[in-house]
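For the sequence shown, this note's numbering gives the first residue as 214, with consecutive numbering after it. Note that CB positions come from ideal geometry on N, CA and C, so glycine has one too. Following: one structure in structure tokens, then a few remarks.
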Amino acid sequence: MPRDASTPAGARAVTAVAPAKINLHLGVGDLRADGYHDLLTVYRAVDLWERVTVSLDDDEVVVTGPGAPQVPTDRTNLAARAVDLLREEAGSDARIAIRIHKGVPVAGGMAGGSADAAAALVATDRLLGLGLGRAALEERAARLGSDVPFCIRGGTALGTGRGEKLATLLHARAEQHIVVALADGGLSTPTVFAELDRLRAERDPADPGRDPADPGRGLPRAGGVDPLVVALAGDDPAAVAGLLANDMEAAALSLMPALRRTLRVGREAGALHGMVSGSGPTCLFFCTDRDHAIAVAAEISEHGVAREVRVTRGPVGGAHIVDDPTGK
Ligand code: C5P
Numbered sequence: 214m215p216r217d218a219s220t221p222a223g224a225r226a227v228t229a230v231a232p233a234k235i236n237l238h239l240g241v242g243d244l245r246a247d248g249y250h251d252l253l254t255v256y257r258a259v260d261l262w263e264r265v266t267v268s269l270d271d272d273e274v275v276v277t278g279p280g281a282p283q284v285p286t287d288r289t290n291l292a293a294r295a296v297d298l299l300r301e302e303a304g305s306d307a308r309i310a311i312r313i314h315k316g317v318p319v320a321g322g323m324a325g326g327s328a329d330a331a332a333a334l335v336a337t338d339r340l341l342g343l344g345l346g347r348a349a350l351e352e353r354a355a356r357l358g359s360d361v362p363f364c365i366r367g368g369t370a371l372g373t374g375r376g377e378k379l380a381t382l383l384h385a386r387a388e389q390h391i392v393v394a395l396a397d398g399g400l401s402t403p404t405v406f407a408e409l410d411r412l413r414a415e416r417d418p419a420d421p422g423r424d425p426a427d428p429g430r431g432l433p434r435a436g437g438v439d440p441l442v443v444a445l446a447g448d449d450p451a452a453v454a455g456l457l458a459n460d461m462e463a464a465a466l467s468l469m470p471a472l473r474r475t476l477r478v479g480r481e482a483g484a485l486h487g488m489v490s491g492s493g494p495t496c497l498f499f500c501t502d503r504d505h506a507i508a509v510a511a512e513i514s515e516h517g518v519a520r521e522v523r524v525t526r527g528p529v530g531g532a533h534i535v536d537d538p539t540g541k
């Protein structure tokens, strides 16, 4: 097997994990000239993990775990793109096998693919002995996708730009217990953004040069994040729950109306708040504590409105190595 000169002896395989994200606040601005939307978001990493092992072996991508058959195994796979980016930058010709174990819903609005890329960046950096450091990895991450930098960083962070510009909210430590209800099928992120643009234009067809002070009349837009940021420093789950917002929800519900029933069942089961996660179709239900979350999860399961129901918590940390035979 060819061996790259920059590969430290013994670093034959490295495993890293990266968390799912949820958006406690997801404000979406208008479509930009580059095809993206400006975002104002509060990201939070939650305790569902993607696991990626990179090893000096034949180039291949193997995916296991729930939803694995829907994940591409060619070089369009986001983890493969992460490996290719670092390998090219290092001028390495090492052949690198990638094994991905899915712990985050596929196409669920929780950044499962982005977490794969984040874990692959962290693991490949170590495998090839690049020593890039977190800031440099986050910069590479932004080239791969808007949510990838956050999956490296973890915790709770304010996201701006297209979501890739991060400011960690250090004081936002209040723990949350969340029920995650997976839907049948997934939603593609660009499709949901396009549906949001369509709904906004439809609600305001006669006014293409809309008043910036009143954009998207009729379709509410999430406001500022200051009250949420303040609430996140406290320890009142109900206060936080009352301030959650997601502009993408209307578009996800338009594309998948059955989610309305899921949300209703979760709210009637006593969740403090129910909402679509990011671009959906996963639904999130915020609870007072773990026991409450388990009770709400049981009720949602019983009503058969979700393909699978899980209980999770946040915040958790970002991408990190869990197994490195070099012991570094
Ligand atoms: O950045 P990422 O590759 O994950 O984005 C996937 C797609 O989602 C983009 O091509 C774009 O259509 C849409 N998107 C957007 N505005 C953002 C982030 C993503 O319109 N801020």
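Less than 9 Å between the C-beta atoms of residue i and residue j, yes or no?
{"i": "F406", "j": "A320", "result": "no"}
{"i": "V518", "j": "R474", "result": "yes"}
{"i": "V276", "j": "H314", "result": "yes"}
{"i": "P232", "j": "V317", "result": "yes"}
{"i": "V230", "j": "V267", "result": "no"}
{"i": "V491", "j": "I365", "result": "One point to set straight first is that residue 491 is Gly, not Val, in the sequence displayed. Result no, Cβ atoms of G491 and I365 do not sit closer than 9 Å."}
{"i": "L395", "j": "R308", "result": "no"}
{"i": "N459", "j": "A435", "result": "yes"}
{"i": "L345", "j": "L379", "result": "no"}
Indicate the three-state DSSP secondary structure (helix, strand or coil) for residue i in the structure shown.
{"i": "P617", "result": "What the structure shows of the chain is the stretch from 214 to 541, and residue 617 is not part of that stretch, so it cannot be assessed."}
{"i": "A231", "result": "strand"}
{"i": "A458", "result": "strand"}
{"i": "A523", "result": "According to the sequence displayed, residue 523 carries Arg and not Ala. Residue state, collapsed to three classes: strand."}
{"i": "A532", "result": "coil"}
{"i": "G358", "result": "coil"}
{"i": "D338", "result": "helix"}
{"i": "G242", "result": "strand"}
{"i": "A218", "result": "Because the pLDDT at A218 is just 42, under 50, the model does not fix this residue reliably, and the point stays unresolved."}
{"i": "D251", "result": "strand"}
{"i": "K541", "result": "Caution applies to K541, whose pLDDT of 49 falls short of 50 and renders its modelled position unreliable; the value that the coordinates give is listed next. Correct three-state label for K541: coil."}
{"i": "A463", "result": "helix"}
{"i": "L472", "result": "helix"}
{"i": "A324", "result": "coil"}
{"i": "A226", "result": "strand"}
{"i": "G479", "result": "helix"}
{"i": "H505", "result": "helix"}
{"i": "A387", "result": "coil"}
{"i": "P285", "result": "coil"}
{"i": "R375", "result": "coil"}
{"i": "G346", "result": "helix"}
Quick one: what's residue i bridged to in DSSP?
{"i": "T381", "result": "A370"}
{"i": "N236", "result": "Y256"}
{"i": "H314", "result": "R264 and T277"}
{"i": "V393", "result": "L497 and R523"}
{"i": "M488", "result": "L497"}
{"i": "I309", "result": "L269"}
Starting from the Cα of residue i, find the closest Cα among the options and give me that residue.
{"i": "G368", "options": "E408, V442, D448 and P528", "result": "P528"}
{"i": "R356", "options": "L343, R386 and A295", "result": "A295"}
{"i": "R312", "options": "E462, D272, V443 and L441", "result": "D272"}
{"i": "I507", "options": "L379, I391 and D270", "result": "I391"}
{"i": "A246", "options": "D504, A328 and R375", "result": "R375"}
{"i": "D306", "options": "L252, D270, N290 and L334", "result": "D270"}
{"i": "T289", "options": "G358, A484 and T373", "result": "G358"}
{"i": "P614", "options": "L409, R386, P285 and A414", "result": "Lying outside 214 to 541, the shown extent of the chain, residue 614 is not represented and no answer is given."}
{"i": "L291", "options": "P279, G280, G278 and A324", "result": "A324"}
{"i": "G240", "options": "G372, V259, V284 and L476", "result": "G372"}
{"i": "V284", "options": "L298, L253 and G326", "result": "G326"}
{"i": "D536", "options": "G304, D297, A332 and E301", "result": "A332"}
{"i": "A258", "options": "F363, E352 and M488", "result": "F363"}
{"i": "V335", "options": "I235, A293 and H486", "result": "A293"}
{"i": "L341", "options": "K378, E301, L379 and D360", "result": "E301"}
{"i": "L412", "options": "D243, V227, I235 and N236", "result": "D243"}
{"i": "L457", "options": "L485, S467 and G322", "result": "L485"}
{"i": "A511", "options": "T228, V478, D397 and P433", "result": "V478"}
{"i": "Y249", "options": "P279, D360 and D329", "result": "D360"}
{"i": "L383", "options": "L350, A446, A471 and G304", "result": "A446"}
{"i": "R526", "options": "H533, H516, E515 and T501", "result": "T501"}
Please confirm whether any heavy atom of the ligand C5P lies closer than 8 Å to the CB of residue i.
{"i": "G358", "result": "yes"}
{"i": "R477", "result": "no"}
{"i": "R294", "result": "no"}
{"i": "R375", "result": "yes"}
{"i": "H390", "result": "no"}
{"i": "H250", "result": "yes"}
{"i": "S327", "result": "yes"}
{"i": "F498", "result": "no"}
{"i": "L412", "result": "no"}
{"i": "F363", "result": "no"}
{"i": "L244", "result": "yes"}
Under 8 Å: does the beta carbon of residue i sit that close to some heavy atom of the ligand ADP?
{"i": "T402", "result": "The ligand ADP is absent from the structure shown, which contains only the ligand C5P."}
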